[in-house]
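Working notes for the structure below.
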Amino acid sequence: MRSPQSAAARQTPSTGLVIAVLALCGTLVSLQQTLVLPLLPDFPEILGTTSDNASWLVTVTLLTAAVGTPIVSRLADMFGKRLMLVICMWSVIIGSVVAALSTSLSVVILGRGLTGLGACLVPVGISIMRDHLPADRVGSGVALMSATLGIGGAVGMPLAGVIYDRWDWHTLFYVSGGFAVVMLVAVLLVVPESTVRTRGRFDYVGAALLSVALTCFLLAVSKAGSWGFLSPLTLSLLAAAGLVLAAWVPWELRTGQPLVDIRTSMRRTVLLTNSASVLVGFAMFANFLTSVQQVQMPVETGYGFGLSVVATGLWMLPSGILMVAMSPVSAALIRRYGPRVVLISGSLVMAVGFIARSLLHGSVAEVMVTSGVASLGTALAFAAMPTLIMRAVPITETASANGLNTLLRSIGTSSASAVVAAVFAASTLTTAGGVTAPTLGAYQAVFWAGAAAALGGGFIAAFIRRPQRVREVVADRAGAPAPTGERTHVKVDGELPELLVRCRVLSPERRPLRQAVATVLHPDGRHVDWGRTDNEGRFALALPDAGDYLLVVSADGWAPQSSLVHLESGEATPVTMTRRLLLSGHVTDAGHPLGGAMISLIRHSGEYVGTTTAGPDGAYEIGLPPPGRYVLTAVDHATGRTRSRALTVHSTSATLDVDLETGVPREPAVLGRERG
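Written out as structure tokens, the structure is:
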């Protein structure tokens, strides 16, 4: 019998309609960044300000998007992804209206800041796709959502130019606001709310610390061109960002419900994908920025073509369309070869495009084709990264994990903007018409930097572990699974998990165990989901349907525990860990038991772990600490004698004896290895 959640899922709108609405939302927010670029030279006169102040119309959207993305993504996991999607759309609408109705720089900047929050919906939209789309459509949906960044940027330039030429500049914001209203209605009518949510408290301290660190860093990077890279203000902001980040990481590790799960983010696949994202984001924006500027440079420079804003947008439009057209191809390649291979391939294609750009620049067609090659690589890489992230994190953390990935990509794009500005400022020429422009060598330096960044991203991606090849099983709800070939994913009726099960992990004393890991599998061994407990020992798992599952729970200091259980939506029976892992042994004196001796355990680096006292027979027990290097010391207070032994703890109970008379072996003990 189907669950209520399954029945509800059947009544949701068609898959294609959901993908189309979410992709158009992505196009809308990508338009916000490029919509004002053609007007930047005119805004100082329009708003009666300086060029440096007018640049805040672009900078503020970057800041609000970066700061808001991890916060909105975490709130989406907690309170509902569709809800946060609607809030982001309202932010774009309100921001557009504020900017459209004002002629004051500060108020227009406020409006632009609100529209910048719209960018936070991209990772939320990707996570909605994972929650609701059939397994065979998630890849193409994610690829299309990622490609909208390209089409939005390509359309924004000519659209802004046409609107500005024919109407007042306020019309730009009326158009974007009107588009946002249409998309808001579409979201409310088409996109279903996700039942996959986490519970608990929002990490206000973590959000505040990360916001300060990001603001300081991005402000320093984006304004370094006008302030100076070595100016006291730039260096002070970078130092402040480093200090706040140094406080933020330990806080996130200590809190039970962090804004960003550092432990999950340090998993090999997630860490390497996020690292590659910074470099790929750098290369993507360097390609877009230089393409737009190069074709608009005066013909007298020897490499420019003097195109207008509208003509530039029309010439670059094929690159944006190519990124959208590549989305089904990217999805097919990911299904066939895996996201790791596609990410590496995309990075290499981007590098080829940049190298070609440094060599071929004699016509607009050459610029368009070579930048298009780099855009093709971008489409492949951007489609692969969210897929890698989603396969490596619990389904209940999809939005926040993709939010972090999107944030790191934006850090890469911000860095690209700063680097391009610095290189162009350092190498300029004056044309016959008196126009100051970058030299061809400056462009080529950026091209080689983009190629190096793309290659670096591909090199990092090469260290992502290849997924284990498992047999794909298509199972109906009542029948037995049937093997159909070799794949790296599992489908159940073509759907993703629908039920959310909550549970707790407790000690025998009923105390919650934090940072325990729970994994649920089908009885035949197919993986379903995994989660980590918070400070109250709670975790959540998403399942395809109610039924019997294999639940495996592990925690530092405890023997792993597994059981076949029947799981349904809601609260499950708490898991009580029963066997504590111990470090034990005997303290002796010339082979005779030494009762009452004090035993102290410290880390090799000096941190205190615990102290106990040996019993009358010299026996002692200490809860097994996390794996690592330690020093165990035995003290006989009656005689003042002490002995210390170095040891390496692994993940199983271990025994270490200490004799105060005979001393210790020359080699340190290595304990806790599993025996074959």
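For reference, each letter of the sequence shown is one residue, going 93 to 768 in our numbering.
For glycine and all other residues, C-beta sits at the position ideal for the given N, C-alpha and C.
Just so it is clear, the structure is predicted and the values come from calculations on it, not from any experiment.
For residue 240 and residue 745, what's the separation of their Cα atoms in angstroms? Here residue 240 refers to the residue found at position 148 when the sequence shown is read from its first residue. Here residue 745 refers to the residue found at position 653 when the sequence shown is read from its first residue. Using only the alpha carbons, I get a separation of about 53 Å.
Around the C-beta of residue 344, are 16 or more other C-beta atoms found within 10 angstroms, so that it is buried, or is it exposed? Walking along the sequence shown from the start, residue 344 turns up at place 252. Classification for residue 344: buried.
Just list the residues that DSSP pairs residue 633 with in beta bridges. Taking the first residue of the sequence shown as 1, we reach residue 633 at position 541. In DSSP, residue 633 forms a bridge with 593.
Residue 295 to residue 717, Cα distance in whole Å? Position 203 of the sequence shown, counting from 1, holds the residue named residue 295. Position 625 of the sequence shown, counting from 1, holds the residue named residue 717. Computed Cα separation, rounded: 28 Å.
Under DSSP, the beta strand (DSSP E) around residue 655 begins and ends at which residues? Position 563 of the sequence shown, counted from the start, is the residue given in the question as residue 655. First-last of the beta strand (DSSP E) with residue 655: 650-659.
Report yes if the C-beta distance between residue 151 and residue 314 is below 7 Å; otherwise report no. Along the sequence shown, read from residue 1 onward, the residue named residue 151 stands at position 59. Along the sequence shown, read from residue 1 onward, the residue named residue 314 stands at position 222. Yes, the Cβ-Cβ distance between residue 151 and residue 314 is below 7 Å.
What do you get for residue 380, buried or exposed, if any count of 16 or more other CB atoms within 10 angstroms of its CB means buried? Walking along the sequence shown from the start, residue 380 turns up at place 288. Burial call: buried.
Just how far apart, CA to CA, sit residue 739 and residue 693? Taking the first residue of the sequence shown as 1, we reach residue 739 at position 647. Taking the first residue of the sequence shown as 1, we reach residue 693 at position 601. Approximately 10 Å, taken between the alpha carbons.
Cβ-Cβ distance between residue 329 and residue 305 below 7 Å: As a position in the sequence shown, residue 329 is number 237, starting the count at 1. As a position in the sequence shown, residue 305 is number 213, starting the count at 1. No, Cβ-Cβ distance for residue 329 and residue 305 is not below 7 Å.
Using a threshold of 7 Å, state whether the C-beta atoms of residue 626 and residue 612 are closer than that. Translated into positions along the sequence shown, residue 626 becomes position 534. Translated into positions along the sequence shown, residue 612 becomes position 520. For residue 626 and residue 612, no; Cβs fall outside 7 Å.
Residue 497 and residue 218 - do their beta-carbons sit closer together than 7 Å? Residue numbering aside, residue 218 sits at position 126 when the sequence shown is read from its first letter. Residue numbering aside, residue 497 sits at position 405 when the sequence shown is read from its first letter. It is not a contact, given that the beta carbons lie outside the stated cut-off.
Per the DSSP calculation, residue 724 is bridged to which residue(s)? Position 632 of the sequence shown holds residue 724. According to DSSP, which records beta bridges pairwise, residue 724 is partnered with 693 and 737.
Measure the CB-CB distance between residue 550 and residue 642 and report whether it falls below 7 Å. As a position in the sequence shown, residue 550 is number 458, starting the count at 1. As a position in the sequence shown, residue 642 is number 550, starting the count at 1. For residue 550 and residue 642, no; Cβs fall outside 7 Å.
Looking only at its chain, what residues have a beta carbon closer than 6 Å to the beta carbon of residue 388, apart from the 5 residues adjacent to it on each side? The sequence position of residue 388 within the sequence shown is 296, counting from 1. Excluding sequence neighbours, residue 388 sits near 399 and 404.
Which runs of the alpha helix (DSSP H) spanning at least 4 residues fall entirely within the region 170-217, listed in chain order? 173-192 and 197-208
Span of the alpha helix (DSSP H) holding residue 407? Counted from its first residue, the sequence shown places residue 407 at position 315. Where residue 407 is concerned, the enclosing alpha helix (DSSP H) stretches over 401-429.
Delimiting residues of the beta strand (DSSP E) encompassing residue 704: In the sequence shown, counting from the first residue as 1, residue 704 sits at position 612. 700-705 is the span of the beta strand (DSSP E), which, as asked, contains residue 704.
Looking only at its chain, what residues have a beta carbon closer than 8 Å to the beta carbon of residue 605, apart from the 5 residues adjacent to it on each side? Translated into the one-based positions of the sequence shown, residue 605 becomes position 513. Around residue 605: 597, 598, 599, 625, 629, 647, 650 and 669.
Apart from the five residues on each side of it in sequence, which residues of its chain come closer than 8 Å, Cβ to Cβ, to residue 282? Residue 282 sits at position 190 when you count from the first residue of the sequence shown. Cβ within range, chain order: 105, 109, 110 and 113.
Which value, in whole angstroms, describes the spacing of the CA atoms of residue 481 and residue 174? Here the question's residue 481 lines up with position 389 in the sequence shown. Here the question's residue 174 lines up with position 82 in the sequence shown. Near 20 Å, if we compare the C-alpha coordinates of residue 174 and residue 481.
Find the nearest neighbour of residue 707 within the set 532, 676 and 320, judged by alpha-carbon distance. Translated into positions along the sequence shown, residue 707 becomes position 615. Minimum Cα distance to residue 707 is reached at 676.
Per-residue burial, residue 340 [other beta carbons within 10 Å of its own, 16 or more giving buried]: Indexing the sequence shown from 1 puts residue 340 at position 248. Buried, by the Cβ-count rule.
Between residue 275 and the rest of its own chain, which residues show a CB-CB distance below 8 Å, the 5 nearest in sequence each way excluded? Along the sequence shown, one-based indexing puts residue 275 at 183. Hits under 8 Å: 113, 116, 117, 120 and 181.
For residue 264 and residue 508, I'd like the C-alpha separation in whole angstroms. Against the sequence shown, residue 264 aligns to sequence position 172. Against the sequence shown, residue 508 aligns to sequence position 416. Distance between the alpha carbons of residue 264 and residue 508 is about 26 Å.
My assumption, with CB atoms under 8 Å, is that residue 412 sits in contact with residue 247. Please give the rounded CB distance. If you number the sequence shown from 1, residue 412 lands on position 320. If you number the sequence shown from 1, residue 247 lands on position 155. Their Cβ separation, rounded to whole angstroms, is 6 Å, which keeps residue 412 and residue 247 in contact under 8 Å.
With distance defined between alpha-carbon atoms, name the residue in 452, 372 and 428 nearest to residue 438. Translated into positions along the sequence shown, residue 438 becomes position 346. Of the candidates 452, 372 and 428, the one whose C-alpha sits nearest the C-alpha of residue 438 is 372.
Which value, in whole angstroms, describes the spacing of the CA atoms of residue 122 and residue 614? Within the sequence shown, residue 122 is the residue found at index 30, counting from 1. Within the sequence shown, residue 614 is the residue found at index 522, counting from 1. Approximately 40 Å, taken between the alpha carbons.
Spell out a yes or no on whether the region 389-396 and the region 524-543 are touching, meaning 3 or more CB-CB pairs, one atom from each, closer than 8 Å. yes
Simplified DSSP state of residue 455, which is helix, strand or coil: What you label residue 455 is simply residue 363 of the sequence shown in a count that begins at 1. In the structure shown, residue 455 sits in coil (DSSP, three-state: anything other than H, G, I, E or B).
Residue 700 classed as buried or exposed, judged by whether at least 16 other C-beta atoms fall within 10 angstroms: For the purposes of this step, residue 700 is taken as residue 608 along the sequence shown, with counting starting at 1. That one is exposed.
Three or more C-beta pairs below 8 Å linking the region 320-335 and the region 348-359: no
Over what stretch of residues does the alpha helix (DSSP H) that includes residue 262 continue unbroken? Residue 262 sits at position 170 when you count from the first residue of the sequence shown. Run containing residue 262: 262-282, per the alpha helix (DSSP H) assignment.
Could you have a look at residue 619 and say whether DSSP puts it in helix, strand or coil? Locating residue 619 in the sequence shown gives position 527, where the first residue counts as 1. Reduced to three states, the DSSP call for residue 619 is strand.
Straight-line gap, residue 548 to residue 361 (C-alpha atoms, nearest Å): Position 456 of the sequence shown, counted from the start, is the residue given in the question as residue 548. Position 269 of the sequence shown, counted from the start, is the residue given in the question as residue 361. Distance between the alpha carbons of residue 548 and residue 361: 16 Å.
Assign residue 432 to one of two classes, buried (16 or more other C-beta atoms within 10 Å of its C-beta) or exposed (fewer than that). As a first step, residue 432 must be located in the sequence shown, where it is residue number 340. With 16 or more Cβ atoms within 10 Å of its Cβ, residue 432 is classed as buried.
Grab me the residues of residue 667's own chain with a C-beta within less than 6 Å of its C-beta, minus the 5 sequence neighbours each way, in chain order. Counting from 1 along the sequence shown, the entry for residue 667 is found at position 575. If we look at residue 667 and ignore the five residues flanking it on each side, its Cβ neighbours are 597 and 645.
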